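Engineer:
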Amino acid sequence: MTARVLVVDDLAPNVKLLEAKLRAEYFEVLTSLSGEEALEIAASQQPDIVLLDVMMPGLDGFEVCRRLKEDPITCHIPVVMVTALDQQSDRLAGLKAGADDFLTKPVQDVAMFARVRSLTRLKQMTDELRYRYVKGAELGAVAPSYTDLDEATMVSSIMVITDEPFIDGLVEDAEGLPGKVHFHFENDARQSLDLIRSQMPDLIMIDLALESYDPLRLCSAIRSFENARLSPLLALARDDDMRKLVRALDIGVSDYLMRPIDSQEMAARVKTQLRRKRYVEHLRQSVNETLEMAVTDPLTGLYNRRYLANHLPRLLRDAKEEANPLSLMVIDVDHFKKVNDTLGHDIGDVVLREMAQRMNFSIRGIDLACRFGGEEFVFVMPDTDRQSAEAIAERLRSQIAEAPVDIGAGDPITITVSIGVATSEPGNLDDTPQDILKRADDALYKAKDTGRNRVVAQAA
1 MTARVLVVDD
11 LAPNVKLLEA
21 KLRAEYFEVL
31 TSLSGEEALE
41 IAASQQPDIV
51 LLDVMMPGLD
61 GFEVCRRLKE
71 DPITCHIPVV
81 MVTALDQQSD
91 RLAGLKAGAD
101 DFLTKPVQDV
111 AMFARVRSLT
121 RLKQMTDELR
131 YRYVKGAELG
141 AVAPSYTDLD
151 EATMVSSIMV
161 ITDEPFIDGL
171 VEDAEGLPGK
181 VHFHFENDAR
191 QSLDLIRSQM
201 PDLIMIDLAL
211 ESYDPLRLCS
221 AIRSFENARL
231 SPLLALARDD
241 DMRKLVRALD
251 IGVSDYLMRP
261 IDSQEMAARV
271 KTQLRRKRYV
281 EHLRQSVNET
291 LEMAVTDPLT
301 GLYNRRYLAN
311 HLPRLLRDAK
321 EEANPLSLMV
331 IDVDHFKKVN
341 DTLGHDIGDV
351 VLREMAQRMN
361 FSIRGIDLAC
371 RFGGEEFVFV
381 MPDTDRQSAE
391 AIAERLRSQI
401 AEAPVDIGAG
411 DPITITVSIG
421 VATSEPGNLD
431 DTPQDILKRA
441 DDALYKAKDT
451 GRNRVVAQAA
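In this note's numbering, the protein residues as written are 1 to 460.
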């Protein structure tokens with residue numbers, strides 16, 4: 001796979017060398033000789049990954065990384081620090097600044113390319129979600145920026161799959177983990193797969209030294225689960241596991257931790273992975289909310305006219321194929337204009353919400369309730385003949401008329417509705433959605449013309 005890589009180093013020879021290596025592997029390369037310029041390029045060009053030196057004049061790599069991760073425009077871009085600094089304190093400083101990895105020069109090319117491919121793959125898998133999120137924000141359908149959760153209040157679950165018991169205490173005693181973390185240790189890989197399939201933990205650590213089961217096959221199996229495609233996997237590896245680690249990154253492992261395990265480094269890497277997981281979940285939730293808003297009436301919470309237009313043909317087609325009746329009722333709130341004119345539109349909204357709530361109580365799981373527009377609602381009732389539909393409509397009408405609506409201030413008001421019912425009988429293969437809607441609408445007008453607060457079934 002290819003990707004756009006931003007290389008940042010204040011020494012031009014280092015930039016040229018790394019650029020040549022990346023281009024030889026068919027990566028597209030952007031370059032920068034300063035931290036300030038890197039921030040501008042990252043925001044405007046949106047690279048797939050940033051390879052960042054630490055020791056630079058002006059803004060050093062730690063500060064550049066911190067700013068990239070704090071900016072909603074660039075926080076999703078993976079950052080790998082590639083530097084000559086080799087102290088554990090430097091590694092921890094980079095990871096705590098938000099870096100996704102910290103590679104010390106001289107870096108093995110195979111390991112670096114595997115890491116670049118792994119991180120860009122994860123980033124590109126979330127790009128479609130992020131694109132939809134950005135479009136939703138532009139349309140005002142979702143909040144325009146991502147706000148990180150309070151880590152102190154977070155509760156996370158981590159599964160550790162290993163057959164070496166000493167790891168238990170080392171992991172559990174780590175300081176700096178975000179919020180409250182519940183660890184679950186498994187030495188039976190097959191059992192762990194069953195647990196993951198039913199309930200995906202927030203993060204999974206897999207020991208590449210696992211002897212009871214092929215750890216790479218375990219990583220592959222987890223990644224094949226629908227609920228684990230973007231969930232973080234963290235591998236525990238030794239120095240002599242490099243070939244296995246490179247393969248694990250290709251399979252889809254999100255990050256790795258080298259032995260001997262440093263508890264602070266582990267906490268920093270876990271924190272980064274959990275932060276990314278929350279970001280992806282935020283994108284997913286926002287996209288789902290946007291889709292829901294497209295088919296849901298915001299005032300009543302019922303489906304809207306667009307949803308009805310898309311689903312009524314399918315419900316009618318299913319009814320014809322199964323030789324079942326399908327009934328539809330159109331409901332109109334009587335004298336609703338008078339409510340708006342005398343009590344105000346805010347009270348009118350209260351009435352419509354109350355009507356929707358009462359209608360929801362009257363429908364089955366297979367029924368479809370929609371706000372058709374204004375004060376008009378439509379119920380679609382599969383597998384319901386005319387007599388049953390008429391009885392349901394009459395029961396709904398009487399329930400609404402007999403229970404005044406509490407409007408919050410002042411006396412409750414009595415509301416009535418008129419209902420028109422139409423049915424597509426088994427064998428009527430020529431019926432269309434427009435036909436049945438038209439018959440129900442005609443029946444509704446007849447109900448209103450003959451006094452309102454009544455049900456009329458299928459006008460002639």
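The beta-carbon is built from N, C-alpha and C at its ideal position, and this holds for glycine as well. Just so it is clear, the structure is predicted and the values come from calculations on it, not from any experiment.
#1: What is the DSSP secondary structure of I77, counted as helix, strand or coil?
#2: Which first and last residues belong to the beta strand (DSSP E) in which A409 is found?
#3: With DSSP collapsed to three states, give me the class of K180.
#4: Go ahead and label H182 buried or exposed: buried means 16 or more other beta carbons lie within 10 angstroms of its beta carbon, across all protein chains shown.
#5: Just to confirm before moving on: does the CB-CB distance between K320 and L429 stay below 7 Å?
#6: Applying the 10 Å Cβ sphere with the 16-neighbour rule, what's the burial state of S156?
#7: For a test of the three-state rule: what should DSSP assign to G35, helix, strand or coil?
#8: Starting from G94, trace the alpha helix (DSSP H) in both directions and tell me its first and last residue.
#9: Find out if the Cβ-Cβ distance for the pair D48, R4 is shorter than 7 Å.
#10: Quick one, are the C-beta atoms of A221 and M200 less than 7 Å apart?
#11: If I'm right that D71 touches A38 with Cβ under 8 Å, what's the distance once you round it to whole angstroms?
#12: T414: buried (16+ other C-beta within 10 angstroms of its C-beta) or exposed?
#13: Which value, in whole angstroms, describes the spacing of the CA atoms of D214 and C75?
#14: May I have the straight-line CA-CA distance separating L234 from K105, to the nearest angstrom?
#15: Look at the alpha carbon of Y279 and the alpha carbon of L230, and state the distance between them as a whole number of angstroms.
#16: I need the boundaries of the beta strand (DSSP E) containing I251, first residue and last residue.
#17: Less than 7 Å between the C-beta atoms of D334 and R452, yes or no?
#18: On the CB-based measure, 16 or more other CB atoms within 10 Å of its CB, does Q273 come out buried or exposed?
#19: Considering just the uninterrupted stretch of the beta strand (DSSP E) at I331, what are its terminal residues?
#20: What would DSSP say about A460, mapped onto helix, strand or coil?
#21: Just how far apart, CA to CA, sit D241 and D163?
#22: Just verifying my parser: in three-state terms, what is the DSSP assignment at F113?
#23: Could you compute how far the alpha carbon of A268 sits from the alpha carbon of L177?
#24: Classify D318 as helix, strand or coil using the three-state DSSP reduction.
#25: What did DSSP end up calling V351 once you bin it into helix, strand or coil?
#26: Spatial neighbours of T147 within its chain, please: C-beta separation below 7 Å, excluding the five flanking residues on both sides.
#27: Identify whether A237 lies in helix, strand or coil by the three-state DSSP scheme.
#28: Skipping 5 residues on each side, what residues in its chain have a beta carbon closer than 6 Å to that of G410?
#29: Verify whether the separation of the beta carbon atoms of D207 and L249 is less than 7 Å.
#30: Please name the residue in K244, M205, E186, G252 whose C-alpha comes closest to that of S224.
#31: Less than 7 Å between the C-beta atoms of L203 and I158, yes or no?
#32: Please determine if the region 310-329 and the region 369-385 are in contact, where contact requires at least 3 C-beta pairs separated by less than 8 Å.
Structural biologist: Quick answer:
#1: I77: coil per DSSP, three-state reduction.
#2: Element bounds for A409: n/a, residue is neither H nor E.
#3: K180 falls in the strand class under three-state DSSP.
#4: Exposed, by the Cβ-count rule.
#5: When the beta-carbon positions are compared, K320 and L429 come within less than 7 Å of each other.
#6: The C-beta of S156 has 16 or more other C-beta atoms within 10 Å across all chains shown, which makes the residue buried.
#7: DSSP places G35 in helix when its eight states are reduced to three.
#8: Residue range 88-96 is occupied by the alpha helix (DSSP H) that includes G94.
#9: Yes, the pair counts as a contact, with Cβ atoms nearer than the cut-off.
#10: No; because the gap between Cβ atoms is not below 7 Å, this pair is not in contact.
#11: So it is not a contact: roughly 12 Å between Cβ atoms.
#12: When all chains shown are included, T414 counts as exposed.
#13: Near 35 Å, if we compare the C-alpha coordinates of C75 and D214.
#14: Here the C-alpha atom of L234 lies approximately 23 Å from the C-alpha atom of K105.
#15: Rounded to the nearest whole angstrom, the C-alpha separation of Y279 and L230 is 11 Å.
#16: Per DSSP, I251 belongs to no beta strand (DSSP E); it is in the alpha helix (DSSP H), 242-251.
#17: It is a contact, given that the beta carbons lie within the stated cut-off.
#18: Taking all protein chains shown into account, Q273 has 16 or more neighbouring C-beta atoms within 10 Å of its C-beta and is therefore buried.
#19: Its beta strand (DSSP E) spans residues 326-333.
#20: Note on A460: pLDDT 47, under 50, position unreliable in the model; no value is reported.
#21: Between the alpha carbons of D241 and D163 lies a gap of roughly 17 Å.
#22: Helix, per DSSP.
#23: A direct Cα-Cα distance of roughly 7 Å separates A268 from L177.
#24: Three-state DSSP puts D318 in a helix.
#25: Here V351 carries a helix assignment [DSSP, helix/strand/coil].
#26: Here T147 scores only 49 on pLDDT, less than 50, and its place in the model is too uncertain to base an answer on.
#27: Reduced to three states, the DSSP call for A237 is strand.
#28: Result list for G410: empty, nothing under 6 Å.
#29: At least 7 Å separates the beta-carbon of D207 from that of L249.
#30: Of the candidates K244, M205, E186, G252, the one whose C-alpha sits nearest the C-alpha of S224 is G252.
#31: The answer is yes: Cβ separation under 7 Å.
#32: Remark: three or more beta-carbon pairs, one from each stretch, lie closer than 8 Å, so the region 310-329 and the region 369-385 are flagged as touching.
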